[in-house]
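A.B. asks: Line by line, the protein sequences give chains V, S and B. Per this note's numbering, the first sequence starts with residue 430, numbered consecutively. Per this note's numbering, the second sequence starts with residue 430, numbered consecutively. Per this note's numbering, the third sequence starts with residue 430, numbered consecutively.
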Amino acid sequence: MAKTNPGRFFEDYAVGQVLHHPVPRTVTNGERALYHALYPSRHALYSSDEFARSCGLPQSPVDDLAAFHVVFGKTVPDVSLNAVANLGYAEGRWLGPVHPGDTLRSESEVIGLKQNSNGKTGVVWVRTKGLNQREEVVIEYVRWVMVRKSNLDAPAPETVIPELNKALSAQDLVVPKGLDFSNYNFLQAGETHRWGDYAIGETIDHVAGVTVEEAEHMLATRLWQNTAKVHFDLTFRPEGRLIYGGHVISMARALSYNGLANAQMIVGLNGGAHANPCFAGQTIKAWSEVLDKADTDVPGVGAIRLRLVANNGGAPFELKSEDGRYLPQVLLDLDVWALMPK
Amino acid sequence: MAKTNPGRFFEDYAVGQVLHHPVPRTVTNGERALYHALYPSRHALYSSDEFARSCGLPQSPVDDLAAFHVVFGKTVPDVSLNAVANLGYAEGRWLGPVHPGDTLRSESEVIGLKQNSNGKTGVVWVRTKGLNQREEVVIEYVRWVMVRKSNLDAPAPETVIPELNKALSAQDLVVPKGLDFSNYNFLQAGETHRWGDYAIGETIDHVAGVTVEEAEHMLATRLWQNTAKVHFDLTFRPEGRLIYGGHVISMARALSYNGLANAQMIVGLNGGAHANPCFAGQTIKAWSEVLDKADTDVPGVGAIRLRLVANNGGAPFELKSEDGRYLPQVLLDLDVWALMPK
Amino acid sequence: MAKTNPGRFFEDYAVGQVLHHPVPRTVTNGERALYHALYPSRHALYSSDEFARSCGLPQSPVDDLAAFHVVFGKTVPDVSLNAVANLGYAEGRWLGPVHPGDTLRSESEVIGLKQNSNGKTGVVWVRTKGLNQREEVVIEYVRWVMVRKSNLDAPAPETVIPELNKALSAQDLVVPKGLDFSNYNFLQAGETHRWGDYAIGETIDHVAGVTVEEAEHMLATRLWQNTAKVHFDLTFRPEGRLIYGGHVISMARALSYNGLANAQMIVGLNGGAHANPCFAGQTIKAWSEVLDKADTDVPGVGAIRLRLVANNGGAPFELKSEDGRYLPQVLLDLDVWALMPK
Chain V
430 MAKTNPGRFF EDYAVGQVLH HPVPRTVTNG ERALYHALYP SRHALYSSDE
480 FARSCGLPQS PVDDLAAFHV VFGKTVPDVS LNAVANLGYA EGRWLGPVHP
530 GDTLRSESEV IGLKQNSNGK TGVVWVRTKG LNQREEVVIE YVRWVMVRKS
580 NLDAPAPETV IPELNKALSA QDLVVPKGLD FSNYNFLQAG ETHRWGDYAI
630 GETIDHVAGV TVEEAEHMLA TRLWQNTAKV HFDLTFRPEG RLIYGGHVIS
680 MARALSYNGL ANAQMIVGLN GGAHANPCFA GQTIKAWSEV LDKADTDVPG
730 VGAIRLRLVA NNGGAPFELK SEDGRYLPQV LLDLDVWALM PK
Chain S
430 MAKTNPGRFF EDYAVGQVLH HPVPRTVTNG ERALYHALYP SRHALYSSDE
480 FARSCGLPQS PVDDLAAFHV VFGKTVPDVS LNAVANLGYA EGRWLGPVHP
530 GDTLRSESEV IGLKQNSNGK TGVVWVRTKG LNQREEVVIE YVRWVMVRKS
580 NLDAPAPETV IPELNKALSA QDLVVPKGLD FSNYNFLQAG ETHRWGDYAI
630 GETIDHVAGV TVEEAEHMLA TRLWQNTAKV HFDLTFRPEG RLIYGGHVIS
680 MARALSYNGL ANAQMIVGLN GGAHANPCFA GQTIKAWSEV LDKADTDVPG
730 VGAIRLRLVA NNGGAPFELK SEDGRYLPQV LLDLDVWALM PK
Chain B
430 MAKTNPGRFF EDYAVGQVLH HPVPRTVTNG ERALYHALYP SRHALYSSDE
480 FARSCGLPQS PVDDLAAFHV VFGKTVPDVS LNAVANLGYA EGRWLGPVHP
530 GDTLRSESEV IGLKQNSNGK TGVVWVRTKG LNQREEVVIE YVRWVMVRKS
580 NLDAPAPETV IPELNKALSA QDLVVPKGLD FSNYNFLQAG ETHRWGDYAI
630 GETIDHVAGV TVEEAEHMLA TRLWQNTAKV HFDLTFRPEG RLIYGGHVIS
680 MARALSYNGL ANAQMIVGLN GGAHANPCFA GQTIKAWSEV LDKADTDVPG
730 VGAIRLRLVA NNGGAPFELK SEDGRYLPQV LLDLDVWALM PK
C-alpha cells in the first residue's frame, strides 16, 4: 500500500465531512521575528510588547495574518493539494489573539460541492477553524477551491452551494478582550490619522514596492507548513514557482502601513481574489480603498472596511478592465475589516 | 604572528588528541522557527509543544538534525577547514533531547589516522561529542575526512584505522527519558501507518521536491556556525558554492514526512555518503528504504532503520550503477535509526 | 489630504528639533537567531548564554550591531528617506546591553544644518538615541546625511556645524555593568590572543568572504524596519538594489572573528564611511587595523580601537589611492572601540 498522501480529489469530499488537519504547530517569538524579516511590517501593536500593553493586551500577539497562514497551511494537504484554482474567501473572522507559545491546529467542514459541467473538476467549499491549545477558535473562514477529479466515472454529488455573506457586518466582528484604544499613542504608532479621518471611498497609494525573491517566498510558505508543490519545485513548474497567495497578502498588508498605520488589527476577511499569479522578480506595490466604516462599543475602537489591492508594479487605483476582468498587473484584491483608534 | 586560524593540516593530528571546539552556542525558539522556514518539516513532535507533551516530553525539542548541525558546525574549523572530502559517518547516536535555552559545545577525539600513498593527503577519523550546559553528552558520532598536508616533508604517522560498526544495534539506541508512544495521536501526526505497517525492504517515494536557493543554504549553514568557505564564497569556487551536506540531509528528512510522518525521532546514524555535490538550482527529492526493524522496551516505541536517499530530481529507487558507483543524480545516501509508534 | 509619509526634506529641519521616531520594537531570541543566520557571527559572548554569564552578564545580549540597526532603522523614515548620501557617523556609544524581551525606540535631535551651494540639497546632522522600555539610553550616535530640498525657494537656514570628536577617548566608553573578563575562557572563545598581544598599527586579514544575495540583505534590512526603498525595489533602481550599509558592517564584523575573536563587544563608533555601494553578487571580505589601545578600570577588560574595512573581494590592506579617494573595491571604512580580555 502506498504510504504517501496523494491529497483528496473532488469525489473524496461529501457535504458535512469534517477534516481534522494534521500537524499542530506551536508559534513562538521565532515566527514573530521571521515575519518581520519577511515583510516590511511596522504596525506598532505587533512590533512592540509595550505598545500592545498600552492597548490593553498582555503582549504583542502573533501577527493576525501569520496566524491565518498557520491555520491555512494545515488545510493544504487535505483541501488544495489537487486544486486547480483558489476561488475565494468569505466570512473570515479573527476571534482572539494568538500569542507566542500558543499551539494551533485546524479543522474544516465541507459545506458545499458543485461538480463542473466538464465532469473533470468541481468546486469544494470548506469552513475552516483554527483552534489553540485551549480548544478556543481563534480564526474561522470559508474558502472555496476548484479540485480535480481522479476517477472521472465517479458520480457527481448533489450540488450544494452555501449561502455566504458578501461582507461581514460590523456586529459580527470580535474585538479582542481587553483591547482599549482610549490612550492610544499616535506618536509611537507613526501616523496621526484616526478612524474619523478616513472617508468612505477614499483611496490611498502605499507608495513603496518590494521586488520578491524565490528564497523569501519559500521561507515564508514553509514556515506555515504549506506543502503545495507549485511553490517549491521548479521542475514541476518550469515557467516559475508560483508564489503562495498569502505571501502577497502579507506583503501588501505590510506595505499598507504607510497611510494606514493605525489600522492595527485585521479582524474580518470579507473576501479576496488572487487575481493573477505572482512570480519571483515581480515588484509588489499596494493601494487601499475605504469601503465602509462602523463603530464598536469598545472604548476608542472603530472598525474600517478596506479593499487592499496588490499590484505587480504599475500605477495605483486601477483594478478591472471594461469587461470586468482584473487588469494583468493586479495580483490581489482583498476585502477586510480592521480595528482603528477613534 | 598571524592571528587568524589557518585550520589544521594532516600532520597536525595525532591519535588520542582531544580537540575542544569553540564557540558554545545557545539554541532557542529562534533556531526552531528558522529550521521550519528552511525545511518543509512537519514531524509533529518537533512542530507542537502539546504533541510533544502527549508523548511524555516537556516540550518540543530542537529538531534532532538541527542539534546535529550545531554540534557538527563547531568541528569544522578544527577538523574540515582543509578537508578535501567528507568520507563518512558511523556510530552516531542522539543521547538526549536538546531544548530551547540549552547551550551546546563540541569536542572531538582523534581515533584514527592514515596517510594516503600520494603523500599529500591523509584520512583523519574523529569521534565527536556534543555536550549541553550540564555536561551531558547529547550527541556523539564518528566522522572521517580526507585532509591535505601542509608540510609534505612531515613524516607519516603510524596508521591507525578504528574498528567501526557497520550499523548500530537496536540495543545501542537511547530512547529519550519519558518518551511514551502508548497514547500517540496518529490523527494529529498526519499518517496512520505505524511501526507494524512497515516491512523490511519496503521503499517509499516521498514525491515532493524543493529547488534550492543560494540564500537558503547559506542562512542554514551560517546558523550552525559552519565556517567552510566553499559554502559562501563564489570567488573561491566560481563553478558554484558547494551546498553544506547537512542542508541536503535536513531537506531530505523533512520531505520524508510524506510516507514516514511517524518516524518521529532520529536516534541513530549508522552511516552516510554525500554521493555527489549539491548546488543551488538543483531540485532535491527523496526516497526511503526500510533496512531493518527492532523493538524497544519503551511503551509503544519501535525502532526502524531507514535508508534515506536524496536525489537531484529524477526517479526514485535507483542508487548505484552496475560498477557500484553512485548514479550522478544521487546527492545523499544516509542510514539512520528512527523511533516510531507501534 | 495625502495620508502617506513623504519623508522630510531639507527645509523641514531646524536645529534643536527633536524627532520622536515611531515604531517601538521588542527584540527577542527570534532576532538573535536571525542575526546568526544572516551573518557568520561567532563572538562567544553573543553565541552562548553560559559564556556571557561567565563574563558577568545575565545572558547573551542582542548583538551590539543588531541593536544599532534597530535604533538606526527607526530613524530612516524621518531622517534619510529623501537622503542623497549617508555622509558619516561620530560619537557613537553603546551605553548598556540590550536583552531579548527589551523594547527599543529612537529619538533624534537636529544638531546641525548646512545648505549646499547648489541650493538643491543640504547637510543635516542628528544625534540619535536608542532607549529601552525603562527609558534608559542604550545607544547614542551622531549621523549626518545629505538631504534634498523639496521647495527650492525655501530660505537657507543659518549654518550650524556641530563640533564632533574625531574619536572617542577611552574614558568616554561605557563598560557594561557587571562585565568581568578576569575568568575569561579563551579556549571557548576560540582564540588565545589577548589585548596585550595586539600592537598599534598591526593589520589582520580576516581571510574568508561571503558572496551576498538579494534575499539576505532584504531579510536583514526589513528586520530592522528600515524602509528606504533603494534596498527593496528593483523598478526604482534598475541598476540593482543598493544594499543597506549596515548589512556590510555586520558582515565585516562577523568575518573579523577570525583574528579578532576576543574583541567581544563594540562599545564605541568613532566614525565610518560607506566608501562604495554594495550590490548582490559582490563578495564581502574584511581586514582590520589596530588604531589604538587603552586600559579600563574594569577587571580584565581592555579597550582596542580598530579600523574595520570591508572590500568587494580583492586583496587586504589597501584603502585609498594617491589622491586620497577610496579604492573602488572598498565598501566600508569603520572606526570602532571594542572591549577585549587583558
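Beta carbons: idealized from backbone N, C-alpha and C, even for Gly. Values in this document were obtained by computation on a predicted structure and should not be read as measured data.
(1) Quick check: what's the CA-CA separation for glycine 729 (chain V) versus glutamine 488 (chain B)?
(2) For asparagine 612 (chain S), count the other beta carbons within 10 Å of its own beta carbon; 16 or more makes it buried, fewer makes it exposed. Which is it?
(3) In chain order, what are the residue ranges of uninterrupted alpha helix (DSSP H) at least 4 long that sit wholly in the segment 571-629 of chain S?
(4) Applying a beta-carbon distance threshold of less than 9 angstroms, which residues of chain S neighbour valine 636 (chain B)?
(5) Give the interface partners of histidine 528 (chain S) over in chain V, defined as CB-CB distance under 7 angstroms, in chain order.
(6) Do you know how far the Cα of leucine 516 (chain B) is from the Cα of arginine 556 (chain B)?
(7) Which residue's Cα is closest to the Cα of serine 483 (chain B): S:Leu474, S:Gly459 and S:Pro453?
(8) In the DSSP assignment, find the unbroken alpha helix (DSSP H) run with leucine 467 (chain S) in it and report its ends.
(9) Within 10 angstroms of its Cβ, does threonine 621 (chain B) collect 16 or more other Cβ (buried), or is it exposed?
(10) Answer with yes or no whether the minimum CB distance from alanine 473 (chain S) to chain B is below 8 angstroms.
(11) Scan the segment 663-715 of chain B and note each continuous alpha helix (DSSP H) run of 4 residues or more that stays entirely inside, going in chain order.
(12) Would a check of beta-carbon distances place leucine 652 (chain B) closer than 8 angstroms to chain V?
(13) Secondary structure at glycine 502 (chain B), three-state DSSP: helix, strand or coil?
(14) Who are the neighbours of tyrosine 673 (chain V) on chain B, taking C-beta pairs under 9 angstroms?
(15) What residues in its chain sit with their C-beta under 8 angstroms from that of asparagine 793 (chain V), if we drop five residues either side in the sequence?
(16) 8 angstroms is my cut-off, CB to CB: does glutamate 479 (chain S) come that close to chain V?
(17) Can you give me, in chain order, the residues of the segment 442-466 of chain B that have a beta carbon less than 9 angstroms from any beta carbon in chain V?
(18) Assuming threonine 457 (chain B) and threonine 532 (chain B) make a contact with CB atoms under 8 angstroms, what is their CB distance in whole Å?
(19) Going along the chain, which residues of the segment 611-623 of chain V sit with their C-beta nearer than 8 angstroms to a C-beta in chain B?
(20) Please name the residue, chosen from V:Gly619, V:Val604 and V:Gly548, that lies closest to valine 567 (chain V) on a Cα-to-Cα basis.
(21) Measuring only the C-alpha atoms, how far is isoleucine 678 (chain S) from leucine 763 (chain S)?
(22) Measuring only the C-alpha atoms, how far is leucine 474 (chain S) from proline 490 (chain S)?
(23) Thinking just about the alpha-carbon of each residue, which of V:Pro451, V:Asp493 and V:Ser476 is nearest to the one in leucine 698 (chain V)?
(24) Does DSSP put serine 489 (chain S) in a helix, a strand or coil?
(25) From the DSSP output, which residues share a beta bridge with isoleucine 633 (chain B)?
(26) Compile a chain-ordered list of the residues in the segment 493-507 of chain B whose CB is closer than 9 angstroms to at least one CB of chain V.
(27) Looking only at C-alpha atoms, which of V:Ile633, V:Ile590 and V:Glu587 sits nearest to alanine 681 (chain V)?
(28) Taking Cβ-Cβ distances shorter than 9 angstroms, what residues in chain B pair up with alanine 644 (chain V)?
(29) Closer than 7 angstroms between beta carbons: that is the criterion. Which residues of the segment 557-578 of chain V meet it against chain S?
(30) For the segment 661-670 of chain B against the segment 588-598 of chain B, are there 3 or more C-beta pairs whose distance is under 8 angstroms?
(31) Glutamate 536 (chain V) bridges to which residues according to DSSP?
(32) Give the residues of chain S in contact with threonine 712 (chain B), contact being defined as C-beta atoms less than 7 angstroms apart.
(33) So, with DSSP's three-state summary, where would you put arginine 754 (chain B)?
(34) Could you give the DSSP three-state label for valine 659 (chain S): helix, strand or coil?
(35) Quick check: the Cα distance between serine 685 (chain V) and lysine 749 (chain V), rounded to an integer number of angstroms?
(36) Kindly list, in the order they appear in chain V, the residues whose Cβ is closer than 7 angstroms to that of valine 420 (chain S).
C.D. replies: Put simply:
(1) 40 angstroms
(2) Per the 10 Å Cβ criterion, exposed.
(3) 615-618
(4) Thr433, Asn434, Pro435 and Lys658
(5) Within 7 angstroms Cβ-Cβ: nothing; histidine 528 (chain S) doesn't reach chain V, min ~13 angstroms.
(6) 14 angstroms
(7) In this structure, S:Pro453 is the residue among S:Leu474, S:Gly459 and S:Pro453 with its C-alpha nearest to the C-alpha of serine 483 (chain B).
(8) 458-467
(9) exposed
(10) No, its Cβ sits nowhere closer than 8 angstroms to a Cβ of chain B.
(11) 674-684 and 686-689
(12) The beta carbon of leucine 652 (chain B) sits closer than 8 angstroms to some beta carbon of chain V.
(13) helix
(14) Simply none; closest approach about 16 angstroms.
(15) Past the edges of chain V, shown from 430 to 771, lies residue 793 (chain V), and the structure says nothing about it.
(16) yes
(17) His449, His450, Pro451, Val452, Pro453, Arg454, Thr455, Val456, Thr457, Asn458, Gly459, Glu460, Arg461, Ala462 and Leu463
(18) Not quite, the Cβ-Cβ distance comes to about 10 angstroms (not below 8 angstroms), so this is no contact.
(19) Leu616, Gln617, Ala618, Gly619, Glu620 and His622
(20) V:Val604
(21) 8 angstroms
(22) 8 angstroms
(23) Leucine 698 (chain V) has its Cα closest to that of V:Asp493, out of V:Pro451, V:Asp493 and V:Ser476.
(24) coil
(25) B:Ser717
(26) Pro506
(27) V:Ile633
(28) Glu642, Glu643, Ala644, Glu645 and Leu648
(29) Gln562
(30) Short answer: they don't touch.
(31) Per DSSP, V:His449 and V:Lys558.
(32) Asp662, Leu663 and Thr664
(33) coil
(34) Three-state DSSP puts valine 659 (chain S) in a helix.
(35) 21 angstroms
(36) The first residue shown for chain S is 430 and the last is 771, placing residue 420 (chain S) beyond what the model contains.
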